[in-house]
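Numbering (the UniProt record's numbering), first residue to last: 1 to 36.
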């Protein structure tokens, strides 16, 4: 039971990190496009 809960939390953290990383990439690309 505990292991499953931990896995859920870790999975959510990883998913959130990936989402934030993609968001930052999009912002950086748009920023570069505007500056170019």
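In this text, a Cβ means the ideal position worked out from N, Cα and C, and glycines have one as well.
Mapping DSSP to helix, strand and coil, what is residue i?
i: residue 28; result: helix
i: residue 7; result: helix
i: residue 21; result: helix
Relative to the ligand COA, is the shortest distance from any of its heavy atoms to the C-beta of residue i smaller than 6 Å?
i: residue 25; result: For the ligand COA, the structure offers nothing, since it holds no ligand at all.
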